[in-house]
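These notes concern the structure reproduced below.
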Amino acid sequence: MVSIEASDIVDAVFSVLTVGPIYIYYNDMKDVIKDYVVDEIFHIPQAQEYCIGNFDHWNDKITTPPGLYYLAYIYNKLFTLAYGESDQQYQYCNMQNLRSLNFIGGLVLILLTLILRKNCRMSISTLSIYLSPLLSVYYLLFYTDIWSSVLIVASYLFAVIQPFNNGFIDASFSAFIGLLSLSFRQTNIVWLGFNTVAFIDQRVKNTKSYDGSGNIFTNITIFTKQLLQDLIILIPFILDLIIFVYLTIKNGGITYGDKTNHEVAFHLVQVFYCFSFITVLSIPIWISYQFIKDYLKFVFGDFKNTTTYMISLSVIVVIIENFTIIHKFLLADNRHLTFYLFKSVIHRSEYSSFYMAPIYHFSSYTIWKMLKKSSMNKNLNKTVNLKKSQDPRSITLGSPIISLMFLICILVTLIPSPLFEPRYFILPLIFFRILTNPNQEPLFGGTYVLSELNAPLRLVLDGIWNFMITQSIYIILSTYTFRWADQPGVEQRIIW
Numbered sequence: 001m002v003s004i005e006a007s008d009i010v011d012a013v014f015s016v017l018t019v020g021p022i023y024i025y026y027n028d029m030k031d032v033i034k035d036y037v038v039d040e041i042f043h044i045p046q047a048q049e050y051c052i053g054n055f056d057h058w059n060d061k062i063t064t065p066p067g068l069y070y071l072a073y074i075y076n077k078l079f080t081l082a083y084g085e086s087d088q089q090y091q092y093c094n095m096q097n098l099r100s101l102n103f104i105g106g107l108v109l110i111l112l113t114l115i116l117r118k119n120c121r122m123s124i125s126t127l128s129i130y131l132s133p134l135l136s137v138y139y140l141l142f143y144t145d146i147w148s149s150v151l152i153v154a155s156y157l158f159a160v161i162q163p164f165n166n167g168f169i170d171a172s173f174s175a176f177i178g179l180l181s182l183s184f185r186q187t188n189i190v191w192l193g194f195n196t197v198a199f200i201d202q203r204v205k206n207t208k209s210y211d212g213s214g215n216i217f218t219n220i221t222i223f224t225k226q227l228l229q230d231l232i233i234l235i236p237f238i239l240d241l242i243i244f245v246y247l248t249i250k251n252g253g254i255t256y257g258d259k260t261n262h263e264v265a266f267h268l269v270q271v272f273y274c275f276s277f278i279t280v281l282s283i284p285i286w287i288s289y290q291f292i293k294d295y296l297k298f299v300f301g302d303f304k305n306t307t308t309y310m311i312s313l314s315v316i317v318v319i320i321e322n323f324t325i326i327h328k329f330l331l332a333d334n335r336h337l338t339f340y341l342f343k344s345v346i347h348r349s350e351y352s353s354f355y356m357a358p359i360y361h362f363s364s365y366t367i368w369k370m371l372k373k374s375s376m377n378k379n380l381n382k383t384v385n386l387k388k389s390q391d392p393r394s395i396t397l398g399s400p401i402i403s404l405m406f407l408i409c410i411l412v413t414l415i416p417s418p419l420f421e422p423r424y425f426i427l428p429l430i431f432f433r434i435l436t437n438p439n440q441e442p443l444f445g446g447t448y449v450l451s452e453l454n455a456p457l458r459l460v461l462d463g464i465w466n467f468m469i470t471q472s473i474y475i476i477l478s479t480y481t482f483r484w485a486d487q488p489g490v491e492q493r494i495i496w
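In UniProt numbering, the protein residues as written are 1 to 496.
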């Protein structure tokens, strides 16, 4: 058994205390938000049809599988068992009960993150995951994103902790939960692939087979050998892939409905959007005087660095000019923060490409640097710096293989999507925070007076930063309303 450290207890206490303010917001929203919010106009009526057993009903505007609506059906049955039959039209599937499903999902996410902390050598605050500003607004609404993310994180947990010490059983649990996640969002197949790689990567670490020199190519070879040895064990993951391919072919594509507005594209700039979001939302984790100094040296250190930097900026400008897709929904729907962000910042003028290129370059550098610091080490097989109370089999989550797969998953998930949609950045942000440790450099200048408290201080500031952004989004959601001419009686609100 892995002992519970004092930091784990503190983290759990703060996480539980933070649920209070979120619950207050949730309760307040019952009286404030009485109309559907954006896509709830599709999700809630669809779930209500499932709640009364009408499984043949389907709204073609819905683009994701019906997992959320089956969950609503189960939720309704639990209410029926507890309180008896309801005389309401849709049983217990009213708007508020359906929204409460996602609030519960947030609590499950806290539990999963606490388990990861307890069993893995990772420096992360549970609040960083629970209060992720891209995710937290959906605790108040009925959207697919909460349970889609919860199930992928749960699948990942079984993949890396491997609690049964039996490869096939651990793989089966991880794959089964991953399969459930596909019923909420079909693009989760990519992150299920990430979990599969994490599963094999952890098996290599358990056998201490990685090359101590840290050579990436040697370790890829070692990883591949383990993959080939474990093909039988990986059958559950392979079955998931077969089921996904079969359903995609049967459906005539990956999108379930509204296919004309969700066609596959080559939206390369979407990756830069994602990196920028992660960088901004993780500022307390990476920022330091030394970090900025290193970046300036990286781009202006000598003639070679400066030349490389200028070439990089030129390439980014070319990508912006040629691979930016402005979806018709982006500029037509002012109920999304991306509408204002795109018009006021990203595409403000004809010169936008030139001032956004340095931002995208710095964001890409930050992602690369943090992943490198957290995973490109030479001690992947060693249980270093463990306290006596810790299990010697404690799990190191980062590795060059995982970092590479993480970046591949971002590319595969985001580039085909034509719509600038921050919800697609939820899992990249969650896994970035799981895989990276806080910057070890002092937060304040070059002094090392607070070096012992550096990581805890960063985690506290990260939690505060996330809470502040979450609160800002809640305020916008609850207070700023407007009406559309074609829906005069409905108050429109703004979310991501």
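Even glycine gets a Cβ: it sits at the ideal position worked out from N, Cα and C.
Small disclaimer: the values here were computed from a predicted structure and weren't measured.
With distances taken Cα to Cα, identify the nearest neighbour of residue i among the options.
i, options, result
"C274", "F291, F425, S132", "F425"
"P358", "E350, W58, S314", "S314"
"L127", "T113, Y139, C120", "T113"
"S352", "I325, I320, L337", "I320"
"L241", "T279, E263, L192", "L192"
Which residue comes first and which comes last in the alpha helix (DSSP H) that contains residue i?
i, result
"T99", "Note on identity: in this sequence residue 99 is Arg, with Thr being the wrong assignment. First-last of the alpha helix (DSSP H) with R99: 95-119."
"P133", "133-136"
"W147", "145-161"
"A265", "First-last for A265: undefined, no H or E at that position."
"residue 499", "Summary: the structure shown does not reach residue 499, with the chain confined to residues 1 through 496, and so no result is reported for it."
"W286", "283-286"
"H361", "352-375"
"V190", "188-206"
"G253", "No alpha helix (DSSP H) contains G253, which DSSP labels as neither H nor E."
"P428", "426-435"
"E321", "303-323"
"T413", "400-414"
"T470", "454-479"
Roughly how many angstroms separate the alpha carbons of residue i and residue j, rounded to a whole number?
i, j, result
"D31", "S478", "10 Å"
"I216", "I401", "8 Å"
"M1", "R203", "The predicted model places M1 with a pLDDT of 45, which falls under 50 and marks its position as unreliable; any figure quoted below should be read in that light. Going by the C-alpha atoms only, they are around 19 Å apart."
"L331", "F339", "6 Å"
"P428", "L407", "9 Å"
"G105", "L68", "12 Å"
"I235", "L180", "16 Å"
"S276", "I287", "14 Å"
"C93", "N54", "13 Å"
"I222", "Y210", "7 Å"
"L81", "P21", "30 Å"
"I9", "D39", "38 Å"
"A455", "L435", "15 Å"
"T306", "K293", "15 Å"
"S344", "W496", "15 Å"
"D87", "L231", "53 Å"
"D486", "L109", "38 Å"
"I243", "M310", "46 Å"
"D391", "N206", "Its pLDDT being 42, under 50, D391 is placed unreliably in this model, and the value from its coordinates should be taken loosely. Going by the C-alpha atoms only, they are around 13 Å apart."
"N437", "Y480", "37 Å"
"I278", "L239", "32 Å"
If you measure between the beta carbons of residue i and residue j, is that distance less than 7 Å?
i, j, result
"N76", "C51", "yes"
"I177", "S155", "yes"
"L131", "F342", "no"
"D145", "R335", "no"
"residue 524", "F194", "Past the edges of the chain, shown from 1 to 496, lies residue 524, and the structure says nothing about it."
"P284", "R117", "no"
"I233", "F173", "no"
"F103", "Y143", "no"
"L411", "H327", "no"
"I124", "R433", "yes"
"L227", "I200", "yes"
"L141", "R99", "yes"
"H361", "S399", "no"
"I41", "I430", "no"
"T63", "Y256", "yes"
"D35", "E441", "no"
"R493", "V37", "yes"
"F237", "T196", "yes"
"T470", "S136", "yes"
"I316", "A265", "no"
Between which two residues does the beta strand (DSSP E) carrying residue i extend?
i, result
"E40", "From DSSP, E40 is part of no beta strand (DSSP E) but of the alpha helix (DSSP H) over 40-51."
"residue 506", "This structure does not reach residue 506, given that the chain is present from 1 up to 496, and the question cannot be answered."
"F482", "482-484"
Q.
When you compare the segment 238-253 with the segment 294-302, are there three or more beta-carbon pairs, one atom per stretch, that lie closer than 8 Å?
A. Because the criterion of three Cβ pairs below 8 Å is not met, the segment 238-253 and the segment 294-302 do not touch.
**Q.** Meets three-Cβ-pair contact criterion under 8 Å: the segment 134-153 and the segment 180-198
**A.** Short answer: they touch.
Q) Is the segment 43-58 touching the segment 73-92, taking contact as three or more C-beta pairs under 8 Å? A) Touching, yes, given that three or more Cβ pairs across the two stretches are closer than 8 Å.
Q) Are the segment 360-379 and the segment 160-177 in contact at 8 Å, needing three or more beta carbon pairs? A) Too few Cβ pairs lie closer than 8 Å, so no.
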